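A quick write-up on the structure given underneath.
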Amino acid sequence: MTNMSKETFIRKDDPKYIDLLDEDNPVAGQKFVCLSFLSPEKILKQKEIFFFDQFLKQYDLSKSLEKFTQFLNFIAYKYNLNFDKLTKDLKDFTNEEKDNLYVSTLDDEYKTYIDNHEESLETSFQEKYDFQTSTRGIKIRGSFPSQQEAELRCKMLREIDPNHDVFVGPVGVWMPWDPDAYKTGRVEYLEEELNQLMNEKQKNEKYAKDEFEKRLRESKRKAIEDNIEKARHTGNTLTQTVNENDELVNVNNLNTTENTILKNDIVDAATIKKELFDGENIVMDKNNDHGLSKLQGYKSKIYDDSQNEENEENEENEENEENEENKENEEIEEVD
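Going by our numbering, the first residue of the sequence shown is number 426, and it counts up by one from there.
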């Protein structure tokens with residue numbers, strides 16, 4: 426295996442860095458694919474640990490007994506000393522035989538052990554873990570010209586195959602093998618915890634949106650109420666108000682043909698014909714004054730209303746002047 430220590434490892438931002446992960450030439454209509462991985466890493470790790478654990482049980486026992494037996498035999502034949510003396514001799518022995526004690530042939534002995542017991546260990550392992558597979562697998566779930574189409578395919582696969590994660594990746598580019606779901610930005614989550622987390626996130630976003638819209642409606646209403654209060658004091662006329670849906674609308678709801686037509690979401694030809702040609706204000710007879718008499722009638726009515734208002738105002742002014750004059754006369758008489 427290549428030495429990948431911190432001293433020799435060249436980072437990507439290093440000028441000496443050479444990118445060996447070359448990309449394939451693009452294929453027309455194939456830019457993104459949907460991938461599913463069948464990679465029982467946990468089972469594979471358990472298998473290695475299981476093998477090594479079984480090996481260590483016999484290795485630690487046999488080697489420890491062997492070394493201690495040799496040392497105790499050496500002490501028993503050579504000395505007749507107490508425990509403290511034996512401890513000191515053990516230390517001396519360790520120092521003297523340090524090179525031999527720390528020489529490890531663990532890798533070779535482990536390989537020998539596996540060669541001799543692999544079949545029985547394999548059987549024991551399969552029985553312990555209910556014969557779960559330990560072979561990796563990969564499935565190409567489709568190739569698409571755009572990332573959006575690939576992600577849409579992922580959502581559909583999520584409903585059809587809820588047992589596997591589905592990832593989106595570019596074609597011809599090296600990608601990590603079976604990345605963790607929580608480390609990727611584009612993934613259809615499968616675990617209940619992640620689905621719950623996503624559900625809570627959506628609830629929080631909806632709550633924040635509702636609160637914002639609520640504050641906006643309250644601001645509109647407060648502004649209109651302030652304008653109404655000002656209009657009462659200044660005598661100005663309001664041009665806008667808020668309807669029952671908290672929408673700003675004009676105060677004068679004009680009854681026009683366009684408004685009548687637009688009241689309905691779905692407008693058919695018959696409705697348009699009725700509003701355009703059968704309305705009360707539509708003149709269809711060609712032998713007429715084209716609405717002149719009606720307009721003159723409106724004009725006459727407006728003129729009469731204006732004259733009546735002017736007469737009423739004059740009468741009121743004359744009455745006020747007479748009252749003022751009478752009041753002045755009364756004050757003069759009181760002085761005399």
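Quick reminder that beta carbons are idealized off the backbone N, C-alpha and C, glycines included.
Since we're looking at a predicted model, the values are computed, not measured.
Judged by beta-carbon spacing, R640 lies beyond the 9 Å limit of C459, meaning their Cβ atoms are not closer than that value. Under DSSP, the beta-bridge partners assigned to G567 are C459. Looking at the DSSP output, P595 bridges to F457. With distances taken between CA atoms, I474 lies nearest to E547 out of E521, Q455, F499, E547. For M600, the secondary structure class from DSSP, reduced to helix, strand or coil, is coil. Linking G597 to E574 through their CA atoms gives a straight-line distance of about 18 Å.
A straight line joining the alpha-carbon of S545 with that of F477 spans about 14 Å. Taking 9 Å as the cut-off, the Cβ atoms of S568 and Q479 do not count as close. Judged by DSSP in its simplified three-state form, N733 adopts helix. Rounded to whole angstroms, the separation of the alpha carbons of K647 and Y632 is 22 Å.
Going by beta carbons, S461 and V593 fall outside the 9 Å limit.
Put simply, of S549, E534, E743 the residue whose alpha carbon is nearest the alpha carbon of K472 is S549.
In this structure R657 is exposed. Its beta-carbon is surrounded by fewer than 16 other beta-carbon atoms within 10 angstroms. A check of alpha carbon separations from K488 across P570, E534, G660 identifies E534 as the nearest. Under the 10 Å beta carbon count, F457 is surrounded by 16 or more other beta carbons and is classified as buried. The alpha-carbon of D651 is positioned some 44 Å away from that of N751. In the structure shown, N588 adopts coil according to DSSP, grouped into three states. With a beta-carbon spacing of about 11 Å, D517 and I500 fall beyond the 8 Å limit used to define contacts.
When rounded, the separation of the alpha-carbon atoms in E521 and T537 is 29 Å. Per DSSP, reduced to three states, the secondary structure at D439 is coil, with no helix or strand assignment.
The three-state secondary structure of Y535, taken from DSSP, is helix.
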